[in-house]
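So the sequence shown is numbered by the UniProt record's numbering: it starts at 1 and just counts up by one. Okay, so here's the structure we're looking at.
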Amino acid sequence: MPVFLLDLPNEVLDGIAALLRREDIKALRSTCRRLSLIASHYLYSTLYLSCHDYDLYVFELVAANPQLIGRVKELIVDDTTVSSALLDRRVFRHMANQASLWPLRKVAYFPNDNDEPWDADGRIWPSTPDDELHALLVQIYQHHHSNRLSRSDISALREALPRMTALRTLVLTNRTADDTPAEGAQSKWNSSPVVKIWRQVGQRRRERPPFAPRVDWWHPIEDGDFDSDQVFGLDWLRDGFDEHILLNGAPYAPDYPRVEELDSDDEIEADGHVARSDDGSEAQEVAPTPHIPNSYLNPQPQTMIPAGARTLRRESRGLQIVLDVLNNPIAQSRIVEFRIDSSLDTVSNVQQPGLGIRLFDFWPPPFAFRLATGFSGTFLTKCHLVIANGRNHTDGQQIIEQGQVGSVLTEIPRLQELKLEAHNMALIGAIPDGLTFHNLLRADFACGLVSRLEIWQFLKAHGETLEEIRLSYCSLDDDDPSWADVVADIMRLQRNGKTHLQTAVITSAYSSIPFSGCGYNRTKTRPPTGEETYSWTMGVHEDVVPCPTADLGHEALPEP
Numbered sequence: 001m002p003v004f005l006l007d008l009p010n011e012v013l014d015g016i017a018a019l020l021r022r023e024d025i026k027a028l029r030s031t032c033r034r035l036s037l038i039a040s041h042y043l044y045s046t047l048y049l050s051c052h053d054y055d056l057y058v059f060e061l062v063a064a065n066p067q068l069i070g071r072v073k074e075l076i077v078d079d080t081t082v083s084s085a086l087l088d089r090r091v092f093r094h095m096a097n098q099a100s101l102w103p104l105r106k107v108a109y110f111p112n113d114n115d116e117p118w119d120a121d122g123r124i125w126p127s128t129p130d131d132e133l134h135a136l137l138v139q140i141y142q143h144h145h146s147n148r149l150s151r152s153d154i155s156a157l158r159e160a161l162p163r164m165t166a167l168r169t170l171v172l173t174n175r176t177a178d179d180t181p182a183e184g185a186q187s188k189w190n191s192s193p194v195v196k197i198w199r200q201v202g203q204r205r206r207e208r209p210p211f212a213p214r215v216d217w218w219h220p221i222e223d224g225d226f227d228s229d230q231v232f233g234l235d236w237l238r239d240g241f242d243e244h245i246l247l248n249g250a251p252y253a254p255d256y257p258r259v260e261e262l263d264s265d266d267e268i269e270a271d272g273h274v275a276r277s278d279d280g281s282e283a284q285e286v287a288p289t290p291h292i293p294n295s296y297l298n299p300q301p302q303t304m305i306p307a308g309a310r311t312l313r314r315e316s317r318g319l320q321i322v323l324d325v326l327n328n329p330i331a332q333s334r335i336v337e338f339r340i341d342s343s344l345d346t347v348s349n350v351q352q353p354g355l356g357i358r359l360f361d362f363w364p365p366p367f368a369f370r371l372a373t374g375f376s377g378t379f380l381t382k383c384h385l386v387i388a389n390g391r392n393h394t395d396g397q398q399i400i401e402q403g404q405v406g407s408v409l410t411e412i413p414r415l416q417e418l419k420l421e422a423h424n425m426a427l428i429g430a431i432p433d434g435l436t437f438h439n440l441l442r443a444d445f446a447c448g449l450v451s452r453l454e455i456w457q458f459l460k461a462h463g464e465t466l467e468e469i470r471l472s473y474c475s476l477d478d479d480d481p482s483w484a485d486v487v488a489d490i491m492r493l494q495r496n497g498k499t500h501l502q503t504a505v506i507t508s509a510y511s512s513i514p515f516s517g518c519g520y521n522r523t524k525t526r527p528p529t530g531e532e533t534y535s536w537t538m539g540v541h542e543d544v545v546p547c548p549t550a551d552l553g554h555e556a557l558p559e560p
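Structure (structure tokens):
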């Protein structure tokens with residue numbers, strides 16, 4: 001005889017609620033009082049920590065309730081920050097008037113197939129944002145830097161950690177409200193209070209608000225510009241808007257430079273102060289604003305504001321908070337998953353998602369050593385590392401070869417899932433020789449360099465357990481690269497019983513090495529003319545096939 005749901009004891013209902021997704025928890029709470037009470041305990045199975053007022057308020061609210069804090073399974077450290085220059089309404093209006101600084105204005109967040117595009121025919125878009133958007137920005141931005149300087153987020157975290165007895169997953173993210181990932185931090189059903197508010201305003205207006213909180217874990221400074229103690233301090237930050245105003249003055253000032261008053265050398269110099277690659281070449285394009293005289297919506301003359309002005313750069317604050325969590329014995333003993341959910345909203349193609357590789361350098365402070373030490377006391381079974389080659393590509397590869405990334409991987413030998421995304425650097429080569437993950441089920445390597453021999457050796461070493469391998473946007477670092485030979489090796493190992501793969505996928509595979517950009521946001525350097533980019537799926541393709549345009553890691557050439 002079937003049993004009605006409400007006839008079950010609370011202990012069983014509690015176990016059912018523990019298995020539900022976040023959106024299902026919300027639906028369950030709207031059914032009846034009894035189920036609402038049970039489901040409410042799991043309302044904050046994911047908890048965000050940041051310096052934003054709303055995030056910090058919710059964190060402290062949950063931490064003060066033993067029933068809620070004891071059910072938190074996932075802690076997400078949101079490292080995004082804000083530019084205080086935009087609190088000035090005039091600066092905000094002038095900056096938002098530049099199309100390059102508000103690039104996703106007309107793009108819906110999570111559109112359905114049946115949704116009408118925001119940029120529908122006949123809609124008139126004001127060139128300058130209205131006061132509601134600035135009020136939203138002030139509401140979100142205010143007190144952020146005072147919270148940061150007073151370490152309010154760190155204090156709240158240290159107080160709450162001993163009571164996070166259900167914590168299993170630790171995440172570091174710099175994703176913004178403009179990122180729209182399918183899963184993980186800041187996805188549709190898993191977003192922070194600040195991102196939720198930001199997107200709600202955008203959804204209601206059918207217009208994304210400009211200048212969502214962000215942080216760029218990438219800072220291409222030459223050696224000697226700053227000492228390491230300063231760069232890696234908790235309070236170090238380079239604000240692109242502040243630097244632009246310091247260089248050129250306020251954009252509404254009478255003496256603010258017009259485009260027609262600047263020659264090409266001036267443009268390169270001005271742009272270079274805000275964003276440039278390590279070899280000194282300019283990374284952004286100048287974004288002039290159409291001059292519309294006698295319009296209060298465009299009170300400034302035609303001005304030059306580089307797209308890189310919206311960058312907010314620092315590399316280590318979020319990582320230092322993660323290390324704080326890993327130093328807590330209670331958290332350390334419970335965490336089984338660590339992820340870096342990095343933003344794909346990069347300002348320039350020379351910028352890549354992920355933590356800067358120089359955090360893993362030998363130079364102090366020893367972040368790699370501290371991360372390895374923190375991992376050594378955990379029982380991690382899932383790890384997702386995303387590393388940006390923020391320097392000249394050869395420098396990044398040299399840091400990989402030092403073995404610091406490998407020392408971190410050595411401390412997590414129980415892995416069942418490994419995803420390593422090291423942009424334009426060695427992937428399998430970052431794993432120390434002789435290190436085998438004896439429980440590894442799934443491996444995902446992306447956006448870096450692999451060789452035919454490395455792939456063969458990795459598959460053979462993990463053949464007993466490995467069920468899935470994915471190679472996405474990778475380049476073959478061989479003298480005579482051939483992805484067809486790689487596929488032949490994989491199938492030979494499979495036929496001979498050396499591997500037991502259920503899934504093997506190669507996506508947008510390159511023969512040359514595109515040393516800039518990321519495949520996930522299609523900013524990789526386009527390969528030379530005539531060079532094919534390949535894909536392959538085991539059980540679907542006999543051999544490599546040309547990669548479909550939709551799966552390419554770079555922008556395809558327009559159809560002739």
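No residue lacks a Cβ here, since even glycine has one placed at the ideal position from N, Cα and C.
What does the Cβ neighbour count give for residue i, buried or exposed, with the cut at 16 atoms within 10 Å?
i	result
residue 627	Nothing can be reported for residue 627, as the shown portion of the chain is limited to 1 through 560.
P353	buried
Q98	buried
P364	exposed
V3	exposed
S281	Interpretation of S281 is limited by its pLDDT of 34, a score under 50 that renders its predicted location unreliable; the figure taken from the coordinates is listed afterwards. Result: exposed.
A135	exposed
I124	exposed
A509	buried
S192	buried
T533	buried
L37	exposed
D246	The residue you asked about is not Asp; residue 246 is Leu in the sequence shown. Looking at its Cβ environment, which holds fewer than 16 other Cβ atoms inside 10 Å, L246 is exposed.
T523	buried
Among the residues of its own chain, which have a CB less than 7 Å from the CB of residue i, if the five just before and after it don't count?
i	result
L87	V138 and Y141
D239	S83, A85 and L312
W217	N174, E315, G354, L355, G356 and A388
A331	L161, M164, L167 and V325
R206	W118
S40	R29
Which same chain residues end up closer than 6 Å to residue i when comparing Cβ atoms and leaving out the 5 residues on each side of it in sequence?
i	result
E421	V386, A446 and C447
D265	Summary for D265: the model assigns pLDDT 41, below 50, so the residue's position carries little reliability; its value from the coordinates is reported in the next sentence. Result list for D265: empty, nothing under 6 Å.
P558	none
M425	N389, G396, Q397, I400 and G448
V171	I76, A185, R339 and D341
P9	none
Report yes if the CB atom of residue i is closer than 8 Å to the CB atom of residue j, and no otherwise.
i	j	result
L435	T410	yes
A253	I76	no
V215	D119	no
L459	T499	yes
T169	E74	yes
L476	V450	yes
D235	L149	yes
R34	L6	yes
P213	T81	yes
R442	E467	yes
E531	S511	yes
W189	R21	yes
P251	H94	yes
What does residue i pair with, by DSSP beta-bridge criteria?
i	result
A99	Its beta-bridge partners do not exist; DSSP assigns none.
E74	T46 and T169
K382	E337 and E417
Y510	S475
F445	L420 and L471
S187	N190
P546	Y534
L312	D239
D216	R313
E387	Reading off the sequence shown, one finds Ile at residue 387, where the question assumed Glu. The partner list for I387 (beta bridge, DSSP) reads L355 and A422.
T503	E468
Go through its chain and collect everything with a Cβ distance to residue i's Cβ below 8 Å, but skip five positions before and after it.
i	result
V72	Y44, S45, T46, L47, V62, M164, A166 and L167
I455	I428, L471, V486, D489 and I490
H143	D53
D433	none
V336	R168, T169, T378, F379, L380, T381 and K382
With a threshold of 7 Å, establish whether the CB of residue i neighbours any heavy atom of the ligand PLP.
i	result
T529	Absent from the structure shown: the ligand PLP. Ligands present: none.
Inspect the CB distances between the stretch 193-207 and the stretch 37-54 and report whether three or more fall short of 8 Å. yes
Pairs of beta-carbons, one from the stretch 166-181 and one from the stretch 332-347, closer than 8 Å: are there three or more? yes
Does the stretch 367-377 come close enough to the stretch 98-113 that 3 or more CB-CB pairs lie under 8 Å? no
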